[in-house]
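These notes are about the structure you will find just below.
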Amino acid sequence: MAFDEELLDQMNRLEMEKEASARKEAWEKQALAGVLAGSLLVDGTRLEFHWESLIEDKVSIMIPNAFKEMNPEMAALKYPSDHRPNPIFSNDRGSITLGFNYTWSQVDAEEIGTFKDILLQNLQRMQSSITVLEDGVKDVNGQQVGYFEFISPALDSDLYNLMFFIELDGRALLCALNCLENDMEQWQPIAKGIMESIRIETGGTNFSNKGDYV
Numbered sequence: 008m009a010f011d012e013e014l015l016d017q018m019n020r021l022e023m024e025k026e027a028s029a030r031k032e033a034w035e036k037q038a039l040a041g042v043l044a045g046s047l048l049v050d051g052t053r054l055e056f057h058w059e060s061l062i063e064d065k066v067s068i069m070i071p072n073a074f075k076e077m078n079p080e081m082a083a084l085k086y087p088s089d090h091r092p093n094p095i096f097s098n099d100r101g102s103i104t105l106g107f108n109y110t111w112s113q114v115d116a117e118e119i120g121t122f123k124d125i126l127l128q129n130l131q132r133m134q135s136s137i138t139v140l141e142d143g144v145k146d147v148n149g150q151q152v153g154y155f156e157f158i159s160p161a162l163d164s165d166l167y168n169l170m171f172f173i174e175l176d177g178r179a180l181l182c183a184l185n186c187l188e189n190d191m192e193q194w195q196p197i198a199k200g201i202m203e204s205i206r207i208e209t210g211g212t213n214f215s216n217k218g219d220y221v
C-alpha cells in the first residue's frame, strides 16, 4: 500500500512538473512575440515597448516604454565603478535595469563564442559566488549574439542577470539586464525577448515608438 502511495506521489509530481514546464514554455513564446510586436500583457497590465536607437543610431533594440534613462547620480549609486554602463535604462523603482557599454575590446563576429567564454571565465574568477544558468551563442537578425545568464548575490535579494553582446564595427557592445531573483520568472523571458530584438542598422532605418517601420 505504501509503495502504491509513493508511486502515486511520484506520478503527481511528474505531472505537476510537466504542467509547469509547459506553462513556462508558453510564457517564453508569448513574451518573445510580445516584445517583438511592441506590446505584452503581464499579469493583467499592458507593457508597451519601443525601438531605442543607440551608438549614433547604429543599433536598435526594443525596451519598455516605462523604462527611463537613469540620471548620473542614480547611476553612480547603483554602479560605483567608473566603468559603469552608459546609457542605463530602468523602471521607476530602479529594480530592473538595462545597460549598454560600447567597449574598446576588439572582436570579430566569428569570435563571439570565444569572447563569450573569456568574459564568463573572467566573471566567475572575479565573482566566484555567482550561479551560471545558461550560456551560448545564437543568430539574431543576422548577427551572432553571445550571452550568459547568472544569479548573483546582493544585500537584500539575489539578482537575475542576462548579459549579451554583439560585434559592432570591430568592437564589443555589451548589454546587461538585471532584476530581483523574485521577478525572474516573469522577466527572464522578457529579457530574452529584448535580446532577440537587437539589430544593427545598415541602412539608416527609423522606427516608431510602437515598433513599426516608418
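Residue numbers (the working numbering): 8 to 221. For each residue, glycine too, the CB sits at the ideal point set by N, CA and C. Keep in mind that this is a model prediction, so the values were computed, not measured.
Integer-rounded CB distance, given that residue j should sit under 8 Å from residue i
i, j, result
"P94", "F107", "6 Å"
"L181", "V66", "Going by Cβ atoms, the distance from L181 to V66 rounds to 12 Å, so no, they are not a contact pair."
"L54", "L43", "Incorrect: roughly 13 Å between the Cβ atoms, too far for contact."
"A38", "I197", "5 Å"
"R206", "V114", "Between V114 and R206 the Cβ distance is about 18 Å, and since that is not below 8 Å, they are no contact."
"L140", "I158", "7 Å"
"F56", "E76", "The Cβ separation is near 16 Å, so there is no contact."
"E59", "I70", "5 Å"
"Y86", "P92", "7 Å"
"V49", "Q193", "6 Å"
Residue i and residue j closer than 9 Å at C-beta
i, j, result
"V144", "Q134", "no"
"N185", "L166", "yes"
"L169", "K199", "yes"
"D146", "Y154", "no"
"M81", "G101", "yes"
"M191", "F171", "no"
"I173", "A116", "yes"
"L187", "I103", "yes"
"L126", "A183", "no"
Span of the alpha helix (DSSP H) around residue i
i, result
"A161", "Taken as a continuous stretch (DSSP letters only), A161 belongs to no alpha helix (DSSP H), as it is neither H nor E."
"F291", "Because the chain spans 8 through 221 in this model, residue 291 falls outside it and cannot be assessed."
"I119", "I119 to M133"
"S85", "The amino acid occupying residue 85 in the given sequence is Lys; Ser does not appear at that position. Run containing K85: P79 to K85, per the alpha helix (DSSP H) assignment."
"A116", "It is not in any alpha helix (DSSP H) - A116 carries neither H nor E in the DSSP assignment."
"I197", "M191 to M202"
Run of the beta strand (DSSP E) containing residue i, from where it starts to where it stops
i, result
"K145", "T138 to V147"
"P71", "V66 to P71"
"R178", "R178 to L187"
"S46", "S46 to V49"
Identified DSSP bridge partners for residue i
i, result
"E63", "E63 is not bridged to any residue."
"R206", "S67"
"I95", "G106"
"E76", "F96"
"V152", "K145"
"L54", "L47"
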